[in-house]
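A.B. asks: My questions all concern the structure below.
What follows is the structure, encoded as structure tokens:
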């Protein structure tokens with residue numbers, strides 16, 4: 029047993045929730061962002077401005093989402109070069125076999141293939157053959173065997189959430205908005221969760237609302253401590269920057285969570301805000317304005333498909349209110365109350 033532990037340590041194979049549930053998942057979201065998401069944005073620009081070469085670029089980028097996710101996961105797991113390069117084939121196969129739930133299949137299968145590849149890396153004199161063979165054979169083999177089931181399970185859960193949101197928009201608007209918003213601020217990837225579940229439609233809109241409540245909310249609420257720099261780093265960066273302060277004083281999390289509980293059902297019941305762009309956009313909030321661009325690309329796609337006649341003023345008002353105005357006003361107001369009763373003290377929200 030001691031020899032096995034020593035072997036794992038030498039190979040940097042660490043079985044932990046942090047490495048697989050946080051590091052790998054966050055990296056997967058980045059890979060997805062750098063392929064599917066940016067490709068979708070470029071493709072939309074090409075369509076809007078009648079520039080076919082942008083559609084070609086966007087198409088190439090989106091087609092690489094599986095390999096990009098797997099490669100990013102391998103990088104997070106500190107895979108050696110031969111393993112990392114071999115994961116490109118693994119990601120392509122897992123994403124293809126996984127269908128709509130491909131991102132979750134890529135996450136699970138790429139982790140297994142990467143760790144197996146790391147285990148055999150540089151253990152033989154024919155490493156150039158053995159390491160890629162083990163990585164690709166195990167990854168593609170698992171993709172064929174289990175990726176369709178993983179993908180279907182993820183898709184089924186996503187469909188259940190979306191159907192429940194259609195049937196109970198008020199209650200599910202609160203639940204989805206609050207939970208996805210919390211996931212965005214935690215050191216896990218809300219974007220990867222939304223992508224894995226293919227979360228779109230009204231549920232996707234609620235997710236956007238929750239993420240915006242956290243990012244814009246923390247940015248505005250902490251303005252007195254962090255100024256313009258903090259406003260921008262949290263408002264279009266990430267509210268995860270507040271995680272250390274949340275650990276020290278969990279009460280600072282109350283205002284943005286309450287704000288998300290209000291904006292979520294407003295998004296689903298009043299403005300009928302839907303995310304019909306790339307599912308990953310549902311979990312991005314105002315990060316680089318990706319959530320808002322995703323909603324817009326969804327509008328464009330719906331118009332092209334005949335599901336929507338035009339983008340109305342009401343659509344734009346809803347987007348601005350849900351994503352920017354209400355999160356700022358509500359979180360600031362709740363935060364002011366908590367400051368007055370002493371639950372939030374001076375510098376509790378200050379970023380290092």
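Numbering (this note's numbering), first residue to last: 29 to 380.
Cβ atoms here follow ideal geometry from the backbone N, Cα and C, with glycine treated the same way.
For residue 279, which option in 34, 242, 372, 353 has the closest C-alpha, if you only look at C-alpha atoms?
C.D. replies: In the chain shown, residue 279 corresponds to position 251, counting from 1. For the residues 34, 242, 372, 353, the minimum Cα distance to residue 279 belongs to 372.
A.B. asks: With a threshold of 8 Å, are at least 3 pairs of Cβ atoms found where one atom belongs to the stretch 335–350 and the other to the stretch 246–260?
C.D. replies: Not touching, per the Cβ criterion.
A.B. asks: Where does residue 40 land, buried or exposed, given buried means 16+ other C-beta within 10 angstroms?
C.D. replies: On the chain shown, position 12 is the one that residue 40 refers to. Looking at its Cβ environment, which holds fewer than 16 other Cβ atoms inside 10 Å, residue 40 is exposed.
A.B. asks: On a CA-only basis, which of 361, 289, 81 is nearest residue 207? Give me that one, please.
C.D. replies: In the chain shown, counting from the first residue as 1, residue 207 sits at position 179. The candidate whose alpha carbon is nearest that of residue 207 is 289.
A.B. asks: Between the stretch 106–121 and the stretch 80–90, do at least 3 Cβ pairs fall closer than 8 Å?
C.D. replies: Touching, no, given that fewer than three Cβ pairs across the two stretches are closer than 8 Å.
A.B. asks: Is the distance from the Cβ of residue 95 to the Cβ of residue 146 below 8 Å?
C.D. replies: Within the chain shown, numbered from 1, the residue matching residue 95 stands at position 67. Within the chain shown, numbered from 1, the residue matching residue 146 stands at position 118. No. Outside cutoff.
A.B. asks: What do you get for residue 370, buried or exposed, if any count of 16 or more other CB atoms within 10 angstroms of its CB means buried?
C.D. replies: Residue numbering aside, residue 370 sits at position 342 when the chain shown is read from its first letter. Exposed: under 16 other Cβ atoms inside 10 Å.
A.B. asks: Cutting at 7 Å between CB atoms, please list the residues of its own chain near residue 233, excluding the five before and the five after it.
C.D. replies: Looking up residue 233 in the chain shown gives position 205. These residues qualify, in order along the chain: 295, 296, 301, 302, 303.
A.B. asks: State yes or no: is the beta carbon of residue 378 nearer than 8 Å to at least one beta carbon in chain B?
C.D. replies: Here there is only one protein chain, and chain B is not present.
A.B. asks: Between which two residues does the alpha helix (DSSP H) containing residue 277 stretch?
C.D. replies: By 1-based counting over the chain shown, the position of residue 277 is 249. Counting along the chain, residue 277 falls outside any alpha helix (DSSP H), and DSSP gives it neither H nor E.
A.B. asks: Does the distance from the CB of residue 138 to the CB of residue 102 come in under 8 Å?
C.D. replies: For the purposes of this step, residue 138 is taken as residue 110 along the chain shown, with counting starting at 1. For the purposes of this step, residue 102 is taken as residue 74 along the chain shown, with counting starting at 1. Yes, the pair counts as a contact, with Cβ atoms nearer than the cut-off.
A.B. asks: Terminal residues of the continuous alpha helix (DSSP H) containing residue 344?
C.D. replies: In the chain shown, counting from the first residue as 1, residue 344 sits at position 316. 341–348 is the span of the alpha helix (DSSP H), which, as asked, contains residue 344.
A.B. asks: Considering Cα atoms alone, identify which of 204, 242, 240, 216 is closest to residue 228.
C.D. replies: Numbered from 1 along the chain shown, position 200 holds the residue referred to as residue 228. Ranking 204, 242, 240, 216 by CA distance to the CA of residue 228 puts 204 first.
A.B. asks: Assuming residue 155 is part of the alpha helix (DSSP H), what are its boundary residues?
C.D. replies: For the purposes of this step, residue 155 is taken as the residue at position 127 of the chain shown. Run containing residue 155: 155–195, per the alpha helix (DSSP H) assignment.
A.B. asks: Measuring CB to CB, does residue 342 end up less than 8 Å from residue 283?
C.D. replies: The residue labelled residue 342 in the question sits at position 314 within the chain shown. The residue labelled residue 283 in the question sits at position 255 within the chain shown. Cβ atoms of residue 342 and residue 283: not closer than 8 Å.
A.B. asks: Counting Cβ pairs closer than 8 Å, one from the stretch 176–192 and one from the stretch 216–230, do we hit at least three?
C.D. replies: yes
A.B. asks: Applying the 10 Å Cβ sphere with the 16-neighbour rule, what's the burial state of residue 262?
C.D. replies: Sequence index remark: in the chain shown, residue 262 carries index 234 (1-based). Buried, by the Cβ-count rule.
A.B. asks: In whole angstroms, give me the CA-to-CA distance for residue 200 and residue 230.
C.D. replies: Within the chain shown, the letter at position 172 stands for residue 200. Within the chain shown, the letter at position 202 stands for residue 230. When rounded, the distance between both Cα atoms is 10 Å.
A.B. asks: What did DSSP end up calling residue 303 once you bin it into helix, strand or coil?
C.D. replies: In the chain shown, the residue the question calls residue 303 occupies position 275. Strand at residue 303.
A.B. asks: Taking the alpha carbon of residue 378 as the point to measure from, which residue in 246, 165, 323, 354 has its own alpha carbon closest?
C.D. replies: Taking the chain shown and counting its residues from 1, the one referred to as residue 378 is at position 350. The candidate whose alpha carbon is nearest that of residue 378 is 246.
A.B. asks: List the DSSP bridge partners of residue 229.
C.D. replies: Mapped onto the chain shown, residue 229 falls at position 201. Paired residues: 303.
A.B. asks: With a Cβ-Cβ cutoff of 8 Å, do residue 305 and residue 322 count as a contact?
C.D. replies: Translated into the one-based positions of the chain shown, residue 305 becomes position 277. Translated into the one-based positions of the chain shown, residue 322 becomes position 294. A contact, by the Cβ cut-off of 8 Å.
A.B. asks: Under 8 Å, do residue 148 and residue 168 count as touching if we go by C-beta distance?
C.D. replies: In the chain shown, the residue the question calls residue 148 occupies position 120. In the chain shown, the residue the question calls residue 168 occupies position 140. The answer is no: Cβ separation not under 8 Å.
A.B. asks: Taking the alpha helix (DSSP H) that residue 258 belongs to, which residues open and close that run?
C.D. replies: Residue 258 sits at position 230 when you count from the first residue of the chain shown. Unbroken alpha helix (DSSP H) run through residue 258: 251–263.
A.B. asks: What does the alpha-carbon distance come out to for the pair residue 329 and residue 176?
C.D. replies: Sequence index remark: in the chain shown, residue 329 carries index 301 (1-based). Sequence index remark: in the chain shown, residue 176 carries index 148 (1-based). Near 27 Å, if we compare the C-alpha coordinates of residue 176 and residue 329.
A.B. asks: Can you grab the Cα-Cα spacing for the pair residue 143 / residue 218, in whole Å?
C.D. replies: For this step, residue 143 is matched to residue 115 along the chain shown. For this step, residue 218 is matched to residue 190 along the chain shown. When rounded, the separation of the alpha-carbon atoms in residue 143 and residue 218 is 24 Å.
A.B. asks: Leaving out five residues before and five after residue 376 in sequence, what residues of the same chain have Cβ atoms less than 7 Å from its Cβ?
C.D. replies: Counting from 1 along the chain shown, the entry for residue 376 is found at position 348. So the list reads 273, 277, 280, once near-sequence residues are dropped.
A.B. asks: Am I right that residue 195 and residue 291 are in contact with their C-beta atoms under 8 Å? What's the rounded C-beta distance?
C.D. replies: As a first step, residue 195 is located in the chain shown; it is residue number 167 there, counting from the start. As a first step, residue 291 is located in the chain shown; it is residue number 263 there, counting from the start. Between residue 291 and residue 195 the Cβ distance is about 20 Å, and since that is not below 8 Å, they are no contact.
A.B. asks: Can you tell me the Cα-Cα spacing of residue 350 and residue 155, whole angstroms?
C.D. replies: Reading the chain shown from its first residue, position 322 is the one you call residue 350. Reading the chain shown from its first residue, position 127 is the one you call residue 155. So the alpha carbons of these two residues sit roughly 54 Å apart.
A.B. asks: Can you tell which of 185, 100, 326 has its C-alpha closest to the C-alpha of residue 59?
C.D. replies: Taking the first residue of the chain shown as position 1, residue 59 is located at position 31. Among 185, 100, 326, the Cα nearest to that of residue 59 is on 100.
A.B. asks: Please specify which runs of the alpha helix (DSSP H), each continuous and at least 4 residues long, are wholly inside the stretch 39–75, giving them in chain order.
C.D. replies: 52–60
A.B. asks: Ends of the alpha helix (DSSP H) at residue 362?
C.D. replies: Along the chain shown, read from residue 1 onward, the residue named residue 362 stands at position 334. In this chain, the alpha helix (DSSP H) harbouring residue 362 covers 354–368.
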